[in-house]
Amino acid sequence: MLNVKISIDDGKGKKAEIEISEADNLSKLVIIDKVFRLFGIDSDVFEMVDTYSKIGDAYSSFFNDVQPIEHEVIHKTDIDKNEIREQLIQGLTEDKIELENTYKTVDDQPDFVRTGIKIRDDGTKLYRLHYKCHACWNKGNHWVYEGSIRTWCHRCQHELPVSPANPIGHLTQDTFGNFYVAGDFKDRNVWNNSR
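Residues in the sequence shown are numbered consecutively from 1, following my numbering.
Have a look at this one:
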């Protein structure tokens, strides 16, 4: 069912508003045509409807008759999951070897990342410390002076006691390259092997 509501104002005092809901389509078109003519709009509603109908039919017939440029072809292939798994593993190992070779040839890390020791312009050495804050569980690194006894958490500023990273003692690195640790962090590889 077609509901039609028309409001027309010509700006010179003529106003009309009409709402049509309980009529057949032909009656509605006749009423719409008469309202337009009352305001001097000389357009044949029936001709417009006929034109739009022809355009719609032309579009429909065009898209119904046109064949797709590419024909849809469905290929069914048997997939061997083991073969795909082997190819993925082979590709990963080849890429891994290539990446390792690339990183070995490119030396783009500063020395202090590998050594764990930063040397300032004045010659002062700073040693890598890793911490895990027991107040907020934040993890991070600091660069501290030799013999430091306290540090702080980057997030909550909680003060943390500093201890050597390796049970062997002062200025010996753990397996992560840290000289000192603070808070709840301990390298279990080093501490379990020392017992």
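Note that beta-carbon positions come from the ideal geometry of N, C-alpha and C, so glycine has one too.
Here residue 78 is exposed, its C-beta having fewer than 16 other C-beta atoms within 10 Å. Classified as exposed, residue 169 has fewer than 16 neighbouring CB atoms from the shown chains inside 10 Å of its CB.
The Cβ atoms of residue 181 and residue 134 do not sit closer than 7 Å to each other. Residue 183 and residue 164 have their C-alpha atoms some 12 Å from each other. Distance from the CA atom of residue 167 to the CA atom of residue 111, rounded to whole angstroms, is 25 Å. Residue nearest to residue 3 within the set 16, 21 and 11 is 21 (criterion: CA-CA distance).
Of all alpha-carbon atoms in 74, 14, 118 and 32, the one lying nearest the alpha-carbon of residue 142 is that of 118. In the DSSP annotation of this structure, residue 9 is not part of any alpha helix (DSSP H); the continuous beta strand (DSSP E) holding it starts and ends at 4–9.
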